[in-house]
Amino acid sequence: MPPPDLLSSQGLRLDGRRPNELRRIRCKLGVFTQPDGSAYLEQGNTKVLAAVYGPHQAAKSKSSVEGVVVNCQYSMATFSTGERKNRPRGDRKSQEMSLHLRQALTAAIKTELYPRSQIDIYIEVLQADGGAYCASVNAATLALVDAGVPLRAYACACSASMAWRGAQPEPLLDVGHVEEAAGGVVLTVASLPSTGSIALLELSHRLHSDYFEMVLSRAMQGCKDIEIVLDKAVREHLAEGWTKQDVVTI
Amino acid sequence: MWTTKTFLTKTKRGNVLKIVREHYLRDDLLCGSAACNFCPHKDDELVLEANPESLCGLFDSNHYLILDTNVVLHQIDVIEEDALKNVIILQTVLEEVKHQNTAIFQRLLEVIGNKKRKFFSFVNEHHKDTYVERNPGEKQNDRNDRAIRKAASWYASHLSIKNIDGQFPQIVLLTDDEKNRQLAHDEGILTCTVSDYIKNVNGYPGLSDKLSKNVIPESCSKDALYPAHLTPTQIHAGIRNGKLHQGTFHASRDNYLEGNATISGCEKSILLQGHIGINRAIDGDIVAIEILPQEEWSKPSDIVLEDKTEDPGDFLEEESQLLTISKADDDITPTGKVVGIIRRKWRQYCGILLPSKFPGATRHLFTPAEKRIPRVRIETRQSDILASQRILVALDSWPRNSRYPLGHFVRSLGPIGDKDAENEVILLEHDVPHARFSEAVLACLPPDNWTIPEEELARRVDLRATCVCSVDPPGCTDIDDALHARRAAAGYEVGVHIADVTHFVRPHSALDREAAARATTVYLVDKRIDMVPELLSSNLCSLRGGEERLAFSCIWILDENAHVLSTKFHKSVIKSRAAMTYEEAQMAIDETSRNDEIATSLRLLNKLAKKLKQRRLDNGALLLASPEIRFQVDSETHEPLDVQAKRIVDTNSMVEEFMLLANVSVAERIAADYPQSALLRRHPAPPPAHFNAFLKAASRQGFELDVSTNKSFSKSLNEAVIPERPFFNTLLRIMATRCMQQAVYFSSGSKTQEEFYHYGLACPIYTHFTSPIRRYADVVVHRLLAGSVGADATHAALLDTRAAQALCDNLNYRHRHAQLAARASVALNTHILFKNREEVESAVVLAVKRNALQVLIPKYGLEGPLYLPSDKFTYNEEENVQICNDIVFKTFDELTVRLTLDSSNLQHRKLVFQLVTPFIPGVSYVQQTKDDQMEVENVEIKTDEKKRKDLPETKNKKKKKSKT
Ligand SMILES: [Zn+2]
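Which chain is which? The protein sequence lines are A and B, in order. The first sequence begins at 1 in UniProt numbering and counts up one residue at a time. The second sequence begins at 1 in UniProt numbering and counts up one residue at a time.
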């Protein structure tokens, strides 16, 4: 009767990670020259490209005196999943993702600095293997940094799920596609780890409140871990990258 | 370290998909050996001993064993013996075993979990030094063998780190694959076949008996008796192009050379005849069938054919004489032959050894207790001891050149005829899990002296001051319900308090998993196989008199006419004032001088129960009857002393009414709160065709019954009374019960609202809530209700429709087998009782068959066939009567019969019914001529399946009410 074993008796997950381990994250800033900022990020087999244009003058209809309008477009490449996708963007799921991305990224950007402007963020998922939203937020953050948009803090997103080790509940960090498909609840959180605030929280199914704290704190820990990885990438990029980019632009 | 696994798979729609999965390799995995100087082990992580003693004569130095997948799959019986210790189970092996055979996987996990056995499971697939990538073009099996060898040589070199030569354990790889052994040898790994190793183990006599025989490949045609089976690919192709069909093989009970197969989408089953036609299929196997051309079709033979008593050696006898086929008949059915086996469904079989006639021989035949299973050839050196025992045998293979399947001895169950051994056979043959509770399960229990903690008291409604009492059959130790009633401001307050088992049985714990697997407590005549350990079933959960216990309460406010005004559910603490028997409760009600709280409460309950029952009957609930017998069992020897039909006491129904009401109330609540995953119980209306014979028989007695709805059926049953034959109405109800279908558990998400209906109880929705100590369904319902009223956490599996339906399937399976086991136990005890006894009793005819009368003896509730010789009797199919001159036998007739036991076949003892009156010369039994035996047949004591209220009385007897 118990759900499929996501944790082996030795305490390893299906792909060999321990419950509190992230997937391998590899990332690179400034992968394109056309946009103002861009980044490529891999979280396990989930691979995402992000490009940022702006801030530039906002279209009349969207313009706001309060601050910059953040515009997000999320799309999935037709080859990103095992079965070919027929509609890469504009479907319900992509629209919802775009809105959620916007919510998380707006929280990170110091919007008040650019009234009557807009920032366009384009996300393309090249390969989806679970946690596409998280990878998108993380990639967008890097692209924003690359574009030089002032941020309050890094926006990081991470997911967590529940598994059982014997009778003990054990939250799993950074849920992959196989674990998602096993049908357990997936909690996705986008946060600004350095301030401790949460920008977005989503649950795929109902989760009993007794376990909520436990799963959330694991996901928050994941965000902190991701922030360290992102921060390191940014610093490395700055250390080696300045000279190179100067050469290209000159 | 990071790598990916890539493989191709197919979707349901037939598209080919490329799947890429991440695969992380680690450097923090431990080797688990105490001889290791390298890994940072904690003490409890050391599984393998530093100096394992070598038991095997082939290897002098101490060593660890590594097994390959096939060794685990084929030799699990050897592995389960205590002889092998310090064994490394690689993850590669574990996963292959899990994939191929879940039952063996579970058994292996059990062994690994046993600390004494020192089995270490090593995660070689995620270890950076032992992971191997599949080479292009390499078969999966070859890769896995390579992974196993890689892990073996890694262990050898790993243990040598900082160790002096010869001071650390060696690694021995056990594999029966010759190629693998050769490769291992080349790589410098010590290796050996399983049988060589086991045969050289010292100090464990009989261990080699448990070795599974080597499998002879299907392609080997030397001395072949049977045609070869097709390969899986051929079968797959054949099924796809429609030439072959997949079906489940059912062997005939009466004729060992005949069987049939049910094919999905095919109404008629396919007949399979003869050695070649059956081609080594064994009852239950999933087989591939080729249907013969129509001119070769045959008809089922109606003869009884048993295999020869002696081993004829490896040849197949001429079958044309064995199978009497007359082609002219119109009973011709589609006939086919088995051409391949898709999946074997072998289990372990109970039976007796048929020792070889040659002294000193090691090859013997084994006769299973189940008639559908062929004899099995096993090898043992202990035949002298085993000949008088019931033994358990596992099947290994059935090669083409062997007349019989090959198997091996697993264990002895005890002497033939011994009560414990016979009970063991009943439990095994009905797949009742009955092993002692494992250490892991017992570890989940609270301490023996557990008392209710303060914080638990604070969380619950305190009903300790309320006058609660329980009413059960005498001797009941697992009391799971108690009641109370008192006047309230508006009407009456009535409470049903059920043992709070889920407080102790937490989801996902080992205890929970064990209880879920057992699904129900099984009651044999002299034995009870508990679903949860005794500490819970007979103590902490049992609502004993005068003790504080945790309960789940359902409290109603009822009006004067027992209409429910309000219902509430909550967890509570109760202190039962008295645990009474039905008789005691009846006395308290009847004794008008008693005016204490208990008596008033009982009178109130009784009054309300009568109104509830009347309303239920008015709604169309059926009052069905079933012949049930109770044994008086000797309290010391457990031998049955006497048997009689059960009487149902009047006070049973008081408790039953409130249990039904509680079940209905809970069902309504959980169905509303969990539309997709509530566990409910339904009883489908019987299809009209089931009633045909019954209605015909009743109308011959002058009663036209209306079975269109349960209401009209109930009404016409009530009216069908013959004043001078008081038993007639009961008999009618017994037969009505036989027309019913089985009530089943289901998940609310899997059926529509109309299908929830419970026909027997005439209520739109029903579930089981009141017996969580002995039924797992009730445990789940408790959890659902607790989640619904906020008393406990829900968990994912509770809300999952698929998981809920899978659970229901297991519950239904286990309940059916528990009933069959209980019936088999009744049969066993009946046989013991009639061993040295004969009785002449009055009987009634339940049904008229082609060659027999089905008779029931009301006094004992026993039922069986009374055979009629065909030369004296003629069967009138139209009228459904048997005629002999001027004597006509029809349903409901009363006769006198003589009862004796036929023990000529040790495994299949039968009760024999012989006619005494009416006297028919040459047929009826006459006291003097004892050798005038008639043809005999096995007796089934058919206690009814749906309306069973009670089981035969035993020492630790337990009531079973509201079983519907
Ligand atoms: Zn080590």
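Beta carbons: idealized from backbone N, C-alpha and C, even for Gly. If you're wondering where the values come from, they're calculated on a predicted model, not measured in any experiment.
Who are the neighbours of residue i on chain A, taking C-beta pairs under 9 Å?
i	result
residue 788 of chain B	Those within 9 Å of residue 788 of chain B in chain A number zero; the least Cβ separation is about 13 Å.
residue 1006 of chain B	Since the first residue of chain B shown is 1 and the last is 964, residue 1006 of chain B is not available in this structure.
residue 19 of chain B	82
residue 799 of chain B	205 and 206
Cβ closer than 9 Å: which chain B residues qualify as neighbours of residue i?
i	result
residue 69 of chain A	Simply none; closest approach about 38 Å.
residue 138 of chain A	Residues of chain B passing the Cβ test: none, with the nearest at roughly 17 Å.
What span of residues does the beta strand (DSSP E) with residue i cover, start to end?
i	result
residue 185 of chain B	Element bounds for residue 185 of chain B: not the beta strand (DSSP E) but the alpha helix (DSSP H), 178 to 186.
residue 336 of chain B	335 to 343
residue 531 of chain B	From DSSP, residue 531 of chain B is part of no beta strand (DSSP E); its letter is neither H nor E.
residue 740 of chain B	From DSSP, residue 740 of chain B is part of no beta strand (DSSP E); its letter is neither H nor E.
residue 123 of chain A	117 to 127
residue 75 of chain A	69 to 76
residue 260 of chain B	258 to 263
residue 199 of chain A	197 to 203
Run down chain B in chain order and give the residues with a C-beta less than 7 Å from the C-beta of residue i.
i	result
residue 10 of chain A	121 and 123
Hey, would you say residue i sits closer than 8 Å to residue j, going by beta carbons?
i	j	result
residue 970 of chain B	residue 505 of chain B	The requested residue 970 of chain B is not part of the displayed model; chain B covers only 1 to 964.
residue 94 of chain A	residue 63 of chain A	no
residue 844 of chain B	residue 889 of chain B	no
residue 761 of chain B	residue 579 of chain B	no
residue 226 of chain B	residue 280 of chain B	yes
residue 204 of chain B	residue 56 of chain B	no
residue 670 of chain B	residue 811 of chain B	no
residue 410 of chain B	residue 369 of chain B	no
residue 186 of chain A	residue 159 of chain A	yes
residue 282 of chain B	residue 374 of chain B	yes
residue 172 of chain A	residue 19 of chain A	yes
residue 140 of chain A	residue 123 of chain A	yes
residue 657 of chain B	residue 609 of chain B	yes
residue 821 of chain B	residue 427 of chain B	yes
residue 468 of chain B	residue 483 of chain B	yes
residue 22 of chain A	residue 174 of chain A	yes
Grab me the residues of residue i's own chain with a C-beta within less than 7 Å of its C-beta, minus the 5 sequence neighbours each way, in chain order.
i	result
residue 103 of chain A	199 and 200
residue 90 of chain B	66, 122, 124, 148 and 151
residue 165 of chain A	7 and 11
residue 133 of chain A	97, 100, 157 and 188
residue 114 of chain A	55, 67 and 68
residue 247 of chain B	261, 262, 263, 270, 287 and 289
residue 7 of chain B	Low confidence applies here, because residue 7 of chain B scores a pLDDT of 49, under 50, leaving its location unreliable and the question unanswered by this model.
residue 327 of chain B	Summary for residue 327 of chain B: the model assigns pLDDT 49, below 50, so the residue's position carries little reliability; its value from the coordinates is reported in the next sentence. Correct list: empty, nothing qualifies.
Output needed for residue i: all residues of its chain with C-beta closer than 8 Å, excluding positions within five of it in sequence on either side, in chain order.
i	result
residue 92 of chain B	69, 124, 125, 144, 147, 148 and 151
residue 1 of chain A	At residue 1 of chain A the pLDDT is 32, less than 50, meaning the model places this residue with poor confidence; the figure from the coordinates comes in the next sentence. The answer is none, since no qualifying residue turns up.
residue 709 of chain B	620
Which chain A residues sit within Cβ distance under 8 Å of residue i?
i	result
residue 23 of chain B	15 and 16
Mind listing the chain B neighbours of residue i? Cutoff is C-beta to C-beta under 8 Å, in chain order.
i	result
residue 125 of chain A	Ordered by position in chain B, no residue passes the 8 Å Cβ test against residue 125 of chain A, which lies about 15 Å from the chain.
residue 176 of chain A	22
Quick one: give me the first and last residue of the alpha helix (DSSP H) that residue i is part of.
i	result
residue 982 of chain B	This structure does not reach residue 982 of chain B, given that chain B is present from 1 up to 964, and the question cannot be answered.
residue 900 of chain B	Careful: residue 900 of chain B lies outside any alpha helix (DSSP H), inside the beta strand (DSSP E) at 894 to 902.
Leaving aside the five residues before and after residue i along the sequence, list all residues of the same chain whose C-beta is less than 6 Å from its C-beta, in chain order.
i	result
residue 933 of chain B	Bear in mind that a pLDDT of 43 at residue 933 of chain B, under 50, signals an unreliable position, so the number given afterwards is only what the model happens to contain. So the list is empty, once near-sequence residues are dropped.
residue 494 of chain B	485, 556 and 558
What in chain A is Cβ-close to residue i, meaning under 7 Å?
i	result
residue 126 of chain B	12 and 16
Could you work out which residues of chain C lie near residue i, taking near to mean beta carbons separated by less than 7 Å?
i	result
residue 793 of chain B	Here chain C cannot be found, since the structure's protein chains are A and B.
Report task. Output, in sequence order along the chain, the residues in the stretch 200 to 213 of chain A whose CB is closer than 9 Å to any CB in chain B. Result -> Contact residues of the stretch 200 to 213 of chain A toward chain B are 205, 206, 207, 208, 209, 210 and 211 (C-beta to C-beta distance below 9 Å).
Requested in this report: Output, in sequence order along the chain, the residues in the stretch 14 to 26 of chain A whose CB is closer than 7 Å to any CB in chain B.
Outcome: Within the stretch 14 to 26 of chain A, the residues whose Cβ lies closer than 7 Å to some Cβ of chain B are 15, 16, 17, 23 and 24, listed in chain order.
Query raised in the report: Which residues, in chain order, does the stretch 36 to 56 of chain A contribute to contact with chain B at a C-beta distance below 8 Å?
Result: Listed by position along the chain: 44 and 45.
Query raised in the report: If contact means a Cβ-Cβ distance below 7 Å, which residues of the stretch 438 to 455 of chain B contact chain A?
Result: Taking 7 Å as the cut-off between beta carbons, none of the residues of the stretch 438 to 455 of chain B comes near chain A.
Report task. Could you run through the stretch 667 to 679 of chain B and flag, in chain order, every residue whose CB is less than 8 Å away from some CB of chain A? Result -> Nothing from the stretch 667 to 679 of chain B brings a Cβ to less than 8 Å from some Cβ of chain A.
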